[in-house]
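Asker: One structure coming up, written as structure tokens, with questions to follow.
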Amino acid sequence: MKAKECMCNDVCCVKPNATVYDVAKLMNDNHIGCVPVCNDENSVCGIVTDRDIILRSIVNNKNVKETPISEIMSCNVCTCNEDDEINTVEDKMSKNQIRRIPVCDSQNKIVGILTLGDLANNSKEVGEKNVCITLENICDCNSNSKNAE
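Mapping of the sequence shown onto this note's numbering: residues 888 to 1036, in sequence order.
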């Protein structure tokens, strides 16, 4: 199975100049906990989670209606290609301990997002044991991936 067969292709993205408030509202309105930040070419330049909004913005008393999301987003985002095999994507998620991974096309433009939930929803095709191992590796508090070389 390829990433494009498992991912959600209805991904909400924002530009780096969107405010923290706008991103939080987008998350609330769409019932999502993560939003990729894309440049004008629609390539991923960052990612922000609901947790980032709490810990990097609200706790630091930033003005959410004025602070651009680029100030609190994570950079150097781990992505995968839409044609990557699911086991390759699971390995990336495990090794980087991430629950969500943006999916890009061959021109590095975002085409979707693949989450732990997507893997679970496709567990028959992906393999229930593989999904469990991926979840275990992502949640490993010691940061020692069970699949790491």
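Just so you know, even glycine gets a beta-carbon here, dropped at the ideal spot from N, CA and C.
Remember, it's a predicted structure, so these values are computed and weren't measured experimentally.
Exposed or buried, Ser981, counting other C-beta atoms within 10 Å across all chains shown (16 or more means buried)?
Answerer: buried
Asker: Give me the DSSP bridge partner(s) of Asn968.
Answerer: Its beta-bridge partners are Cys991.
Asker: State the Cα-Cα distance for the pair Asn973 and Asp939, rounded to the nearest angstrom.
Answerer: The residue you asked about is not Asn; residue 973 is Ile in the sequence shown. Between Ile973 and Asp939, the C-alpha separation is close to 27 angstroms.
Asker: Can you tell me the Cα-Cα spacing of Asn950 and Met888, whole angstroms?
Answerer: 44 angstroms
Asker: Assign Asn1031 to one of two classes, buried (16 or more other C-beta atoms within 10 Å of its C-beta) or exposed (fewer than that).
Answerer: For Asn1031, the pLDDT reaches just 49, beneath the cut-off of 50, and the residue's location in the model is therefore unreliable, leaving the point undetermined.
Asker: Under the rule that 16 or more other beta-carbon atoms within 10 Å means buried, what is Ala1035, buried or exposed?
Answerer: Any reading at Ala1035 needs caution, since the residue's pLDDT is 39, under 50, leaving its predicted position unreliable; the model's value is listed next. That one is exposed.
Asker: Determine the DSSP secondary structure at Thr954, reduced to helix, strand or coil.
Answerer: Thr954 sits in coil when the DSSP states are folded into three classes, being neither helix nor strand.
Asker: Considering only residues of the same chain and omitting the five flanking positions on each side of Glu953, which have a CB-CB separation below 7 angstroms?
Answerer: Thr906
Asker: Going by other Cβ atoms of all chains shown within 10 Å of its Cβ, with 16 needed for buried, is Asp927 buried or exposed?
Answerer: Result: exposed.
Asker: For the region 898 to 905 against the region 996 to 1003, are there 3 or more C-beta pairs whose distance is under 8 angstroms?
Answerer: yes
Asker: Looking at the unbroken beta strand (DSSP E) that takes in Ile997, where does it start and where does it end?
Answerer: Ile997 -> beta strand (DSSP E) spans Ile997 to Thr1002.
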